[in-house]
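K.L.:
So the protein sequences, as listed, match chains A and B. For the first sequence, counting from 1, position 89 maps to 92 in this note's numbering; every step adds exactly one. For the second sequence, counting from 1, position 155 maps to 135 in this note's numbering; every step adds exactly one. The following block contains the structure, expressed as structure tokens.
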Amino acid sequence: MRPVLLRLAFAVALPAVLVAVWWVASAGSTNVYWPPLRTIFGAFPDVWTGERLREDVLPSVLRLTAGYTVAAVAGVALGTVIGSHRRVRAVCEPVLEFLRAVPPPVLVPVIMLFAGIGDTMKIVVIASGCVWPILLNTVEGVRAVDPVLAETARSYGIRGAARLRDVVLRSASPQIFAGLRQALSIGIILMVISEMFAASNGLGFTIVQFQRGFAIPDMWTGILLLGLLGFLLSVLFRLVERRVLGWYHGLREAGRRSP
Amino acid sequence: MLDVHGLRKVYEGSGRRTEAVRDLTFTVEAGELVCLVGPSGCGKTTLLKCVGGLLSPTSGEVRLAGRRVDGPPPGTAFVFQEYGRSLFPWMRVGQNVELPLKQKKLSRERRRALVADALESVGLADAAGAYPWQLSGGMQQRVAIARALAYEPEVLLMDEPFAAVDAQTRADLEDLVRRLWRERGITILFVTHDIDEAVYLGERVIVLSASPTVVREQLKVDLPDGRDQVHTRVSPRFAELRTRVYEQIQAAKRGR
Ligand SMILES: Nc1ncnc2c1ncn2[C@@H]1O[C@H](COP(=O)(O)OP(=O)(O)O)[C@@H](O)[C@H]1O
Ligand SMILES: [Mg+2]
Chain A
4 MRPVLLRLAF AVALPAVLVA VWWVASAGST NVYWPPLRTI FGAFPDVWTG ERLREDVLPS
64 VLRLTAGYTV AAVAGVALGT VIGSHRRVRA VCEPVLEFLR AVPPPVLVPV IMLFAGIGDT
124 MKIVVIASGC VWPILLNTVE GVRAVDPVLA ETARSYGIRG AARLRDVVLR SASPQIFAGL
184 RQALSIGIIL MVISEMFAAS NGLGFTIVQF QRGFAIPDMW TGILLLGLLG FLLSVLFRLV
244 ERRVLGWYHG LREAGRRSP
Chain B
-19 MLDVHGLRKV YEGSGRRTEA VRDLTFTVEA GELVCLVGPS GCGKTTLLKC VGGLLSPTSG
41 EVRLAGRRVD GPPPGTAFVF QEYGRSLFPW MRVGQNVELP LKQKKLSRER RRALVADALE
101 SVGLADAAGA YPWQLSGGMQ QRVAIARALA YEPEVLLMDE PFAAVDAQTR ADLEDLVRRL
161 WRERGITILF VTHDIDEAVY LGERVIVLSA SPTVVREQLK VDLPDGRDQV HTRVSPRFAE
221 LRTRVYEQIQ AAKRGR
């Protein structure tokens, strides 16, 4: 019980301090662009009503989920193919490095040309930005399967789908998750940016609307909500990762105890 | 049962050519326990991998029950030298033992029974739910052996399986191998660089030369079937045999 409380206290301490500092520093502010935190908090429940959450936040989250899922499936599938075949890798690697180096927001205008300005465009933007870290990490993970494990699988006739499911993907899962984690933050950024270009709803759209309408405290509440959303998703991610990679953390711990 | 004929293996790659095995010919009868002993780096692992179908020989051939080996044969199980790395760390012990069985068309109950029986045999019945990395080196090696047993192989290939465990564990594991061999009638080809281990375990010892490797000598071990760590190792016949193997290895190292 005690350690849990203590850990909770540690986790909450810094955010609490930051909020307090912000609160105090902005308390007497008369600058329109920098309203007191109290005003922002006051505006929050008025701005983010149930309807707003349904009309703006939900579409954003759904688009993020769709884009992220497409990226995850495509990234892992392509990464596995590229990682398992030396020839394919030799052909693809330079191209991948190039595509990865292109900053994803640059793609928004290009993708708009092909995919219009609807949901499809935003999902494509999110997916095309998220896919690279997942793909490249999967390639590395699949390549790095321990040769002794690979030979063990071979000697016991573990082939095809069983080999992929029980050996290759499991062995690559720590790297795949590292890629998924990077992709998550990229996805959130692209979710907002794609909505700033052309949209009729969504978190990014709403924040820009507030800013254009000089509803500055409202704009700030949007930014806070965005931060909260990111935090929530990262906690969720961590929970899933704990479950899937429990063995990996245990293995590393065991390695540290007796190297 | 197992016929190795004129086996030669040359590794080629990145400008270097290594002739690991030059010319090996020997046979292993069904149900025999044969130890291969040779100095480190003489190509023991290479030979065993060729026998297990994991490597293809440069020339010569391996025949198992009359059929030429050109890939891992279904009736063969391999216990690797790097046992810690040959267990799947994301699977519990029971799942590790069960995984190879899923490739065979066995019922779920049959699989469960084989896993339980194999773990029981190696004295790990209550470790089925643990992860391999939660176990000691000796226990991990037992899991690798249990996995091989559950597979119900006709031929068991073991590559220096006890090289990295402490002396006491090693003695226990040697007795375990002897016991399993006598109980189950498996054909075992056991590779080691340890002369005492080879003589203690084997019905026959094949001494390999240093690289490039040929068979230097084959020695029948005429010790009684029921061996034990205390008495067998101090018997005069044991001493004679180990001296003989030792001399052969020394001569091999000098490269004659
Ligand atoms: N994959 C490989 N590529 C090139 N040379 C190898 C490879 N594997 C082993 N060798 C070489 O072949 C020789 C025999 O190796 P190995 O079969 O592992 O011997 P042992 O198991 O008896 O110690 C060594 O000289 C080793 O360096
Ligand atoms: Mg070896």
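For each residue, glycine too, the CB sits at the ideal point set by N, CA and C. Model, not experiment: these values are computed from the prediction.
Residues around ligand 1, please: the condition is that the C-beta lies closer than 5 angstroms to some non-hydrogen atom of it.
P.N.:
That query returns the following residues: B:-9, B:-2, B:0, B:20, B:21, B:22, B:23, B:24, B:25 and B:26.
K.L.:
Decide if residue 140 (chain A) is buried, meaning its Cβ has at least 16 other Cβ atoms within 10 Å, or exposed.
P.N.:
On the first sequence, position 137 is the one that residue 140 (chain A) refers to. Its Cβ being crowded by 16 or more others within 10 Å, residue 140 (chain A) is buried.
K.L.:
Please list the residues of the segment 54 to 65 of chain B that have a C-beta atom closer than 8 angstroms to any C-beta atom in chain A, keeping them in chain order.
P.N.:
Going along the segment 54 to 65 of chain B in chain order, one finds 54, 56, 57, 58, 60, 62 and 65 with a Cβ nearer than 8 angstroms to chain A.
K.L.:
Looking at the structure shown, is residue 22 (chain B) part of a helix, part of a strand, or coil, going by DSSP?
P.N.:
Within the second sequence, the letter at position 42 stands for residue 22 (chain B). Note: residue 22 (chain B) maps to coil in three-state DSSP.
K.L.:
Determine the chain B residues that contact residue 244 (chain A) at a beta-carbon separation under 9 angstroms, and present them in chain order.
P.N.:
Numbered from its first residue, the first sequence carries residue 244 (chain A) at position 241. Correct list: empty, because the minimum Cβ distance to chain B is about 14 angstroms.
K.L.:
Does residue 130 (chain A) have its Cβ less than 8 angstroms from a Cβ in chain B?
P.N.:
Locating residue 130 (chain A) in the first sequence gives position 127, where the first residue counts as 1. Not closer than 8 angstroms to any Cβ of chain B, the Cβ of residue 130 (chain A) fails to qualify, so no.
K.L.:
Work out the CA separation of residue 61 (chain A) and residue 205 (chain A) for me, nearest whole Å.
P.N.:
What you label residue 205 (chain A) is simply residue 202 of the first sequence in a count that begins at 1. What you label residue 61 (chain A) is simply residue 58 of the first sequence in a count that begins at 1. Their Cα atoms are separated by approximately 8 angstroms.
K.L.:
In this structure, how does DSSP classify residue 140 (chain B) when only helix, strand and coil are distinguished?
P.N.:
Position 160 of the second sequence, counting from 1, holds the residue named residue 140 (chain B). Looking at residue 140 (chain B) - three-state DSSP - the assignment turns out to be coil, as it is neither helix nor strand.
K.L.:
Rounded to the nearest angstrom, what separates residue 43 (chain B) and residue 66 (chain B) at their Cα positions?
P.N.:
One-based indexing of the second sequence puts residue 43 (chain B) at position 63. One-based indexing of the second sequence puts residue 66 (chain B) at position 86. Their backbone Cα atoms lie some 26 angstroms apart in a straight line.
K.L.:
Give, in chain order, every residue of the segment 154 to 187 of chain A whose Cβ lies closer than 8 angstroms to some Cβ of chain B.
P.N.:
Against chain B - using a Cβ distance shorter than 8 angstroms - the residues of the segment 154 to 187 of chain A are 154, 155, 157, 158, 159, 160, 161, 162, 165, 169, 170, 173, 174 and 176.
K.L.:
Look up residue 198 (chain B) in the DSSP assignment and give the residues it is bridged to.
P.N.:
The sequence position of residue 198 (chain B) within the second sequence is 218, counting from 1. Residue 198 (chain B) is bridged to B:186.
K.L.:
Who are the neighbours of residue 148 (chain A) on chain B, taking C-beta pairs under 7 angstroms?
P.N.:
In the first sequence, counting from the first residue as 1, residue 148 (chain A) sits at position 145. Those do not exist, as residue 148 (chain A) stays about 11 angstroms from chain B at its closest Cβ, beyond 7 angstroms.
K.L.:
Helix, strand or coil: how does DSSP classify residue 93 (chain B) here?
P.N.:
Along the second sequence, one-based indexing puts residue 93 (chain B) at 113. If DSSP states are grouped into helix, strand and coil, residue 93 (chain B) belongs with the helices.
K.L.:
Give me the DSSP bridge partner(s) of residue -11 (chain B).
P.N.:
Within the second sequence, the letter at position 9 stands for residue -11 (chain B). Partner(s): B:1.
K.L.:
Is residue 139 (chain B) near ligand 2 - that is, is its Cβ less than 7 angstroms away from at least one heavy atom of it?
P.N.:
What you label residue 139 (chain B) is simply residue 159 of the second sequence in a count that begins at 1. Indeed, a heavy atom of ligand 2 lies less than 7 angstroms from the Cβ.
K.L.:
Could you tell me whether any non-hydrogen atom of ligand 2 is closer than 7 angstroms to the CB of residue 61 (chain B)?
P.N.:
As a first step, residue 61 (chain B) is located in the second sequence; it is residue number 81 there, counting from the start. Correct: residue 61 (chain B) has its Cβ closer than 7 angstroms to ligand 2.
K.L.:
Can you grab the Cα-Cα spacing for the pair residue 27 (chain B) / residue 187 (chain B), in whole Å?
P.N.:
Start at 1 with the first residue of the second sequence, and residue 27 (chain B) comes out as number 47. Start at 1 with the first residue of the second sequence, and residue 187 (chain B) comes out as number 207. Approximately 13 angstroms between the Cα atoms of the pair.
K.L.:
Given this structure, state the Cα-to-Cα distance separating residue 177 (chain B) from residue -1 (chain B), to the nearest angstrom.
P.N.:
The residue you call residue 177 (chain B) lines up with position 197 of the second sequence. The residue you call residue -1 (chain B) lines up with position 19 of the second sequence. Going by the C-alpha atoms only, they are around 27 angstroms apart.
K.L.:
Is it a yes or a no for the segment 190 to 202 of chain A touching the segment 102 to 117 of chain A, going by three-plus beta-carbon pairs under 8 angstroms?
P.N.:
At 8 angstroms Cβ cutoff, the stretches touch.
K.L.:
What residues in the segment 227 to 261 of chain A bring their beta carbon closer than 7 angstroms to a beta carbon of chain B?
P.N.:
Those would be 250, 253, 254 and 257, in chain order.
K.L.:
Is the segment 126 to 140 of chain A touching the segment 69 to 84 of chain A, taking contact as three or more C-beta pairs under 8 angstroms?
P.N.:
Result yes; three or more Cβ-Cβ pairs closer than 8 angstroms.
K.L.:
Given this structure, state the Cα-to-Cα distance separating residue 58 (chain B) from residue 99 (chain A), to the nearest angstrom.
P.N.:
The count along the second sequence starts at 1 and reaches residue 58 (chain B) at position 78. The count along the first sequence starts at 1 and reaches residue 99 (chain A) at position 96. The straight-line gap from Cα to Cα measures roughly 39 angstroms.
K.L.:
Check whether the segment 89 to 98 of chain A touches the segment 24 to 33 of chain A, taking contact to mean three or more Cβ pairs, one atom from each stretch, closer than 8 angstroms.
P.N.:
Cβ pair count under 8 angstroms is below three, so no.
K.L.:
Our contact map puts residue 126 (chain B) next to residue 86 (chain B) with C-beta atoms below 8 angstroms; I'd like the distance itself, whole angstroms only.
P.N.:
The residue given as residue 126 (chain B) occupies position 146 in the second sequence. The residue given as residue 86 (chain B) occupies position 106 in the second sequence. With a Cβ gap of about 16 angstroms, residue 126 (chain B) and residue 86 (chain B) do not count as contacting.
K.L.:
Which partner residues does residue 133 (chain A) have in the DSSP bridge list?
P.N.:
Stepping through the first sequence from its first residue, residue 133 (chain A) is reached at position 130. Paired residues: none, contrary to the question.
K.L.:
Report back the beta-carbon spacing between residue 73 (chain B) and residue 108 (chain B) to the nearest angstrom; my notes put them in contact at under 8 angstroms.
P.N.:
Within the second sequence, the letter at position 93 stands for residue 73 (chain B). Within the second sequence, the letter at position 128 stands for residue 108 (chain B). Right, the Cβ-Cβ distance comes to about 5 angstroms (below 8 angstroms), so this counts as a contact.
K.L.:
Is there a C-beta anywhere in chain B that falls below 8 angstroms from the one on residue 145 (chain A)?
P.N.:
The count along the first sequence starts at 1 and reaches residue 145 (chain A) at position 142. Cβ-Cβ to chain B under 8 angstroms: no for residue 145 (chain A).
K.L.:
What does residue 34 (chain B) reach in chain A if we use C-beta pairs closer than 9 angstroms?
P.N.:
Counting from 1 along the second sequence, the entry for residue 34 (chain B) is found at position 54. Within 9 angstroms Cβ-Cβ: 154, 157 and 158.
K.L.:
Please compile the residues from chain A whose C-beta is within a distance smaller than 8 angstroms of the C-beta of residue 114 (chain B).
P.N.:
Taking the second sequence and counting its residues from 1, the one referred to as residue 114 (chain B) is at position 134. The contacting residues are 253 and 257.
K.L.:
Do residue 151 (chain A) and residue 60 (chain B) count as a contact pair if the criterion is CB distance below 8 angstroms?
P.N.:
Working through the second sequence from its first residue, we reach residue 60 (chain B) at position 80. Working through the first sequence from its first residue, we reach residue 151 (chain A) at position 148. It is a contact, given that the beta carbons lie within the stated cut-off.
K.L.:
Are there three or more Cβ pairs, one per stretch, closer than 8 angstroms when the segment 113 to 133 of chain A is compared with the segment 161 to 174 of chain A?
P.N.:
In short, these stretches do not touch, since the Cβ pair count stays below three.
K.L.:
Alpha helix (DSSP H) containing residue 38 (chain B): first to last residue?
P.N.:
Taking the second sequence and counting its residues from 1, the one referred to as residue 38 (chain B) is at position 58. Note, residue 38 (chain B): premise wrong, no alpha helix (DSSP H); not H, not E.
K.L.:
To which residues does DSSP link residue 255 (chain A) through a beta bridge?
P.N.:
Position 252 of the first sequence, counted from the first residue, corresponds to residue 255 (chain A). Beta-bridge pairing links residue 255 (chain A) to no other residue.
K.L.:
To the nearest angstrom, how far is it from the Cα of residue 27 (chain A) to the Cα of residue 42 (chain A)?
P.N.:
As a first step, residue 27 (chain A) is located in the first sequence; it is residue number 24 there, counting from the start. As a first step, residue 42 (chain A) is located in the first sequence; it is residue number 39 there, counting from the start. Those two C-alpha atoms are separated by around 12 angstroms.
K.L.:
Report the residue ranges of all alpha helix (DSSP H) runs contained in full by the segment 122 to 188 of chain A; include only those spanning at least 4 residues, in chain order.
P.N.:
The segment 122 to 188 of chain A contains these whole alpha helix (DSSP H) runs: 122 to 146, 150 to 158 and 163 to 166.
K.L.:
Quick one: grab the DSSP three-state call for residue -16 (chain B).
P.N.:
Here residue -16 (chain B) refers to the residue found at position 4 of the second sequence. DSSP places residue -16 (chain B) in strand when its eight states are reduced to three.
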